[in-house]
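Chemist:
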Amino acid sequence: MKQIAVVGLGYVGLTTAVGLAQLGHQVLGFDVDDAKVSKLGAGESPIYENGLEAALEGLIHSKALDFTNSLDVVEDFKPEFIFICVSTPQDDSGAADLTILNSVVSQLAGIAEPNSILVIKSTVPVGTGQTIANTLNRTDVFVASNPEFLREGTAMKDFMEPDRIVVGSSNPEVAKRVLDLYEAIDAPKLQTNLESSELIKYAANAYLAMRLSFTNDIAALSEKSNANVDQVLHGMGLDKRIGTAFLKPGPGWGGSCFPKDTNALVAIAKEFGSPLPLVETAIASNNAAIARSVNAITELAGGDLANKKVAVWGIAFKANTDDIRDSPALKIVDSLISKGAEVQAYDPVAVAPDRAGFVLKGTALEGAAGADVLAVLTEWPEFAEVSPDKVAEAMRTSVVYDARRILPKSWRAHVSFIKVLGEASE
Ligand code: UGA
């Protein structure tokens, strides 16, 4: 059992704190947000994440996990490992903004125990770990990189059953000490230098985003050419070199990671004089995918959205999360509103800040009430369970756009028209 502090309790930090405590370590989570810390102390999760709150309660009760908003408490805890999980948002140029990270590191430089390790879990541009090691000015404190590959919605499972664990350090013994924290987890463990570990994270996210852009472009081509997109993608994915996972077409990729990380990778690649045109094109293709859905909804509303009511099911960036950061659904909503539509939305857990022309309803059917077009923009399974007869009854004209391809085929017989993303209209 090791003493571990986790600094920054967002998605990554909180999952990491809970996961490390479940692995048997003594964990202290730190965040500057007082409200979040007191909520966590009471066993309540500030985010909607499957299994997180249940695990939290047990670990707090058994005293394996505690939370604080005081760095003095962190210092007194004398952690051997300090995981840094603060956010690295996008700055105006698209590059990663390291202001919060640098400020945290300078505070930790004064309190870190001799022989302790700062483990960078925040997603940082290649070269950051070495810069931190240089500026830390502590020969007795080490720096390692340990990127996370968690998906929102399945974060706890991804922590306990990862495809791989990557740890980078210029000192192999330091990397080994960090890897040993995960001894109980059966997964390939990769030990690299700092730069490789940092680049693995960006390369993986950019590759996945490119794959989705390609998927969405193939869906658009299928729609035009009367090919069956499911068969095309399945037939393609059966090639073992390609694989069938992560090939589901949709209204575009979003979330707190892909948009930010692809932009940051493009920026850092340019800085190194080694640009990544494929990633740049994937970003442009994603903007085009979002615009395609806006156009499809506009067409379904008769070509003009002025005074039209559009019902939207799902505003989160994907199902099983309440996260709306960089959500393609919300980008589509904003675009519809700017074209004169009134948007009435429903999401099982996500809420969006107030905006003119937008109202959030409490149930799927209330969301559909009086609408000219219903657009399904997030793949929440409960949407497929709603009765299409009741939807048709509630809407003004029962025209439906399924951008996630989740509504059962039987809907066709119950609504006046249904357009499915990736399929030629019948
Ligand atoms: C992503 C990566 O999948 C994680 O490995 C990584 O750790 C994480 O970013 C991060 O950097 O923190 P996440 O943003 O939670 O995880 O979401 P994904 O499940 O990857 O979905 C991203 C977007 O792609 C969503 O908008 C989703 O709807 C879309 N998507 C995903 C599709 O349209 N089709 C698919 O087949 C898969």
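In this note's numbering, the protein residues as written are 2 to 427. A virtual CB, placed ideally from N, CA and C, is assigned to each residue, including glycine. In this text the structure is predicted, and so the values were computed from the model without any measurement.
Give the secondary structure of TRP412 by DSSP, where H, G and I count as helix, E and B as strand, and everything else as coil.
Modeler: helix
Chemist: Report yes if the C-beta of PRO329 is less than 7 angstroms from at least one heavy atom of the ligand UGA; otherwise report no.
Modeler: Yes; taking the cut-off as 7 angstroms, the Cβ of PRO329 has a heavy atom of the ligand UGA nearer than that.
Chemist: Applying the criterion that 16 or more other CB atoms from any shown protein chain within 10 Å of the CB defines a buried residue, is LYS122 buried or exposed?
Modeler: buried
Chemist: Ends of the beta strand (DSSP E) at ALA290?
Modeler: Where ALA290 is concerned, there is no enclosing beta strand (DSSP E), although the alpha helix (DSSP H) around it starts and stops at 278 to 301.
Chemist: Give every residue of the same chain whose Cβ lies closer than 8 angstroms to the Cβ of VAL267, excluding the five residues on either side of it in the sequence, and list them in chain order.
Modeler: Same-chain partners within the cutoff: GLY95, PRO276, LEU277, VAL280, GLU281, ILE284.
Chemist: I'd like the span of the alpha helix (DSSP H) that includes GLU114, first residue to last.
Modeler: From DSSP, GLU114 is part of no alpha helix (DSSP H); its letter is neither H nor E.
Chemist: Indicate, with yes or no, if the ligand UGA has a heavy atom lying under 7 angstroms from the CB of GLU224.
Modeler: no
Chemist: In this structure, does DSSP put SER214 in helix, strand or coil?
Modeler: helix
Chemist: With three or more beta-carbon pairs closer than 8 angstroms as the criterion, would you say the stretch 321 to 329 touches the stretch 359 to 366?
Modeler: No: the two stretches stay apart, fewer than three of their Cβ pairs being nearer than 8 angstroms.
Chemist: Does DSSP put PHE384 in a helix, a strand or coil?
Modeler: helix
Chemist: Should TYR183 be flagged as near chain C, meaning a C-beta pair shorter than 8 angstroms?
Modeler: In the displayed structure, chain C is absent; only one protein chain is listed.
Chemist: Using 8 angstroms as the threshold, is the C-beta distance between ASP159 and PHE150 below it?
Modeler: yes
Chemist: What are the boundary residues of the alpha helix (DSSP H) that includes GLN232?
Modeler: 230 to 238
Chemist: So, at 6 angstroms on beta carbons, what are the nonlocal neighbours of ASP403 in its own chain, with the 5 sequence-adjacent residues on each side left out?
Modeler: VAL377, VAL421, listed in sequence order.
Chemist: Please name the residue in VAL400, ALA65, ALA307 whose C-alpha comes closest to that of ILE338.
Modeler: ALA307
Chemist: With hydrogens ignored, establish whether the beta-carbon of GLY255 is closer than 7 angstroms to any heavy atom of the ligand UGA.
Modeler: yes
Chemist: Using a threshold of 7 angstroms, is the CB atom of PHE318 nearer than that to any non-hydrogen atom of the ligand UGA?
Modeler: yes
Chemist: How long is the line joining the alpha carbons of GLU424 and LEU234, rounded to whole angstroms?
Modeler: 13 angstroms
Chemist: To the nearest angstrom, report how far apart ASP35 and GLU386 are at their CA atoms.
Modeler: Straight-line Cα distance between these residues: approximately 40 angstroms.
Chemist: Note down the Cα distance separating LEU102 from ASN287, rounded to an integer number of angstroms.
Modeler: 29 angstroms
Chemist: On a CA-only basis, which of ALA292, ILE48, LYS79, LYS190 is nearest ILE1? Give me that one, please.
Modeler: Since the first and last residues shown for the chain are 2 and 427, residue 1 lies out of range.
Chemist: Mind checking whether ILE298 and THR379 have CB atoms under 8 angstroms apart?
Modeler: The answer is no: Cβ separation not under 8 angstroms.
Chemist: Which runs of the alpha helix (DSSP H), 4 residues or longer, sit entirely within the stretch 117 to 199?
Modeler: 129 to 137, 156 to 161, 173 to 181
Chemist: Any idea if SER448 is buried or exposed, counting beta-carbon neighbours within 10 angstroms, 16 or more meaning buried?
Modeler: Outside the modelled stretch of the chain, which goes from 2 to 427, sits residue 448, for which no answer is possible.
Chemist: So, with DSSP's three-state summary, where would you put VAL33?
Modeler: coil
Chemist: Quick one: residues in its chain with C-beta nearer than 8 angstroms to the C-beta of LEU200, no 5 flanking neighbours on either side, listed in chain order?
Modeler: VAL127
Chemist: Whole-angstrom Cβ separation of SER223 and PRO252, contact assumed at under 8 angstroms?
Modeler: In fact, because the Cβ distance is near 15 angstroms, the residues do not count as touching under 8 angstroms.
Chemist: Figure out for me which residue from GLU184, ALA156, VAL400, ILE243 has the closest Cα to the Cα of GLU300.
Modeler: Among GLU184, ALA156, VAL400, ILE243, the Cα nearest to that of GLU300 belongs to VAL400.
Chemist: Which stretch, first to last residue, makes up the alpha helix (DSSP H) that contains ILE269?
Modeler: 259 to 272
Chemist: Per the DSSP calculation, ASP403 is bridged to which residue(s)?
Modeler: As a beta-bridge residue in DSSP terms, ASP403 pairs with VAL377, VAL421.
Chemist: Quick check on the burial criterion: 16 or more other C-beta atoms within 10 angstroms. Buried or exposed for MET157?
Modeler: Burial call: buried.
Chemist: At what residues does the beta strand (DSSP E) containing ASP305 begin and finish?
Modeler: Segment: none, ASP305 is in no beta strand (DSSP E) and carries neither H nor E.
Chemist: Can you confirm whether the stretch 104 to 123 touches the stretch 74 to 90 when touching is taken to mean that 3 or more C-beta pairs between the two stretches lie within less than 8 angstroms?
Modeler: yes
Chemist: By Cβ distance, which residues of its chain are closer than 6 angstroms to ASN296, with the 5 residues on each side in sequence left out?
Modeler: none
Chemist: Could you give the first and the last residue of the continuous alpha helix (DSSP H) run that contains ALA393?
Modeler: 389 to 395
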